[in-house]
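For reference, the structure is listed below as structure tokens.
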Amino acid sequence: MSAPAPVRDLAARLAREDALPAYVYDLTALDAHAARIGAALPPGVEWHYAVKANPDPALLRVIARHADGLEVSSGGELRHAAAAVPGHPLAFGGPGKTAAELAAAVAAGALVHVESPQELRLLASVVRGLGGQARRAEPAVLLRVNLDVPVPASAGLVMGGGRGPFGMDRDGLDECAALLPGTGLRLRGLHAHLASGLGVRPALRAAAGVLRFARRWCDRQAVTEPVITLGGGMGVDYRRPGAVFDWTAYGRGLARLAGTAAARPGETLRIEPGRAVTAYCGWYVTRVLDVKRSGGAAFAVVAGGTHHLRTPAAKGHSQPFAVIGSDDWPHPWARPAVTGAPVTLSGQLCTPKDVLARDVRVRRLRAGDLVAFAMAGAYAWNISHSRFLMHTEPGFHYIGEDVT
Ligand SMILES: *Cc1c(COP(=O)(O)O)cnc(C)c1O
């Protein structure tokens with residue numbers, strides 16, 4: 007693959023300034039992508055960005071121009087998102103919320119995705135403790151449901167259906183509904199997030215299952231103006247960088263789904279994608295330090311590695327990359343190179359797991375060339391074990407305008 011001109015230009019500049027490895031975030035591309043997501047969704051369908059995919063403040067500011075809210079999964083993310091985009095609607099999900107986190111969420115006016123009857127009791131006691139003002143505000147909750155909706159085996163991570171620590175089964179929901187009166191909490195509806203790595207059709211099948219169940223349950227509980235969150239998990243195919251999730255087809259499918267029951271004035275449907283929003287805007291740019299052969303195979307050792315970009319190790323794929331040739335070779339000896347052959351790109355860690363791309367055919371790759379790993383904008387830097395081996399951390403650079 008090749009990198010867009012602004013990425014290549016910035017990579018060359020960073021190489022000259024000896025500022026590699028570095029992350030490069032294309033805010034212009036992200037802005038256009040986020041606008042397309044919003045435009046593809048039918049009326050009545052909102053989207054929240056799942057901050058855990060990438061909490062970089064510059065990205066959050068761009069996304070907040072298009073998304074209806076931010077979904078956070080910890081007290082840390084809550085504080086961070088509220089500071090990065092003050093006043094933007096927040097939803098707080100995730101298992102094992104503490105009393106302190108719940109108090110912070112109520113103070114921030116966040117919608118709370120309640121994961122269990124115990125958590126609902128804790129939230130109610132937190133609200134009682136906060137007294138008058140918090141109670142008058144009637145903090146809103148969605149109950150997170152774990153449904154037996156079939157999700158395909160190809161889904162990256164299955165988080166719903168069958169047994170698991172996420173959300174509640176029907177008995178848990180009913181127990182919560184019985185607990186709610188008198189707590190000062192307002193039940194707004196249901197939340198589900200069943201799997202990640204879904205294509206358009208499986209995502210729509212999961213959404214249909216959630217919607218069918220949630221509408222019936224909310225009707226039975228007489229929830230007025232219900233909010234139903236259908237989850238995130240829209241797929242990103244690292245083996246086919248050009249095959250971006252078809253938001254237009256997904257939006258059309260949602261419009262069809264939403265229409266299968268009688269028109270529901272006042273109903274809000276919501277999705278909360280993470281990976282499929284930010285994956286494509288991120289590039290991890292580095293330099294080839296060495297090229298060598300071992301047992302007949304070619305290896306290129308790059309500066310940095312999976313302690314900066316853990317995605318390929320976490321998901322077991324080859325991270326797609328573009329080679330950016332550089333004539334900068336200060337040494338008097340010949341540049342080691344691989345030409346027209348498969349090469350494995352590994353990093354500087356002393357572990358065989360530090361592989362960014364395995365046996366990928368290249369036209370030419372020489373020591374001193376630059377490599378820009380694509381699709382490095384989600385679950386990349388922020389899931390990486392950067393302390394391992396104590397290498398320096400990457401720099402962060404942005405293409406396009408930051409929004410403040
Ligand atoms: C992680 C997560 C998401 C986002 O998942 P992606 O696969 O990044 O789209 C959405 N909702 C919840 C509750 C999550 O835990």
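Under our numbering, the sequence shown is numbered contiguously, ending at residue 410.
For glycine and all other residues, C-beta sits at the position ideal for the given N, C-alpha and C.
Between the alpha carbons of Leu295 and Gly237 lies a gap of roughly 42 Å. Out of Ala343, Gly248, Pro348, Leu315, the CA that lies nearest to the CA of Arg393 is found in Leu315.
In summary, Phe402 is exposed, with fewer than 16 beta-carbon neighbours lying within 10 Å of its beta-carbon over all protein chains present.
Distance between Ala285 and Ala255, taken at the CA atoms: about 20 Å. Per the coordinates, the alpha-carbon of His94 lies some 12 Å from the alpha-carbon of Val78.
Note on geometry: alpha-carbon atoms of Asp252 and Ser202 lie some 15 Å from one another.
Nearest neighbour of Tyr31 by Cα position, chosen from Arg293, Gly44, Val308, Trp289, turns out to be Trp289. Distances from the alpha-carbon of Leu193 to those of Asp180, Val349, Leu148, Arg67 put Leu148 closest. If you draw a straight line from the Cα of Thr350 to the Cα of Ala45, it is about 40 Å long.
Put simply, the backbone Cα of Ala384 is about 8 Å away from that of Thr317.
Remark: the shortest separation between the CB of Gly280 and any heavy atom of ligand 1 falls under 7 Å. If only complete runs of 3 or more residues are kept, the region 201-256 shows the beta strand (DSSP E) at 233-235, in order along the chain. Here Lys298 is exposed. Its C-beta has fewer than 16 other C-beta atoms within 10 Å. The Cβ atoms of Tyr29 and Pro400 lie closer than 8 Å to each other. At a Cβ-Cβ threshold of 8 Å, Leu66 and Glu407 do not count as neighbours. If you check the CB distance, Gly50 and Glu273 come in under 8 Å. Pro348 is bridged by DSSP to Arg367. Cβ contact annotation for Ala116 (same chain, cutoff 7 Å, sequence separation greater than five): Leu84, Leu96, Ala97, Phe98, in chain order. For Ala59, the distance from the CB to the nearest heavy atom of ligand 1 is below 7 Å. Burial of Cys287 is indicated by the presence of at least 16 other C-beta atoms within 10 angstroms of its C-beta. The DSSP assignment places complete beta strand (DSSP E) segments of no fewer than 3 residues inside the region 54-131 at 75-78, 96-98, 117-120, in order along the chain. The closest heavy atom of ligand 1 lies less than 7 Å from the beta carbon of His199. Here Met381 is buried. Its C-beta has 16 or more other C-beta atoms within 10 Å.
For Ala146, the enclosing beta strand (DSSP E) starts and ends at 146-150. Assignment of Leu295 by DSSP, reduced to helix, strand and coil, places it in the strand class. Taken through DSSP and simplified to helix, strand or coil, Met174 comes out as strand.
Per DSSP, the beta-bridge partners of Ile330 are Leu376. The Cβ atoms of Val308 and Ala378 lie no closer than 8 Å to each other. If you look at Ile43, you'll find it in the alpha helix (DSSP H) that goes 33-46.
Leu136 and Gly190 have their C-alpha atoms some 11 Å from each other. In this structure, Glu121 has its beta carbon at no less than 7 Å from each heavy atom of ligand 1.
Under the 8 Å Cβ criterion, the region 321-334 counts as touching the region 13-21, having at least three qualifying pairs. Within a 10 Å sphere around the beta-carbon of Trp53 sit 16 or more other beta-carbons, which makes this residue buried. If you check the C-beta of Glu107 against ligand 1, you find no heavy atom less than 7 Å away.
Distances from the CB of Glu125 to the heavy atoms of ligand 1 are all 7 Å or more. DSSP places Val307 in the uninterrupted beta strand (DSSP E) bounded by 303-308.
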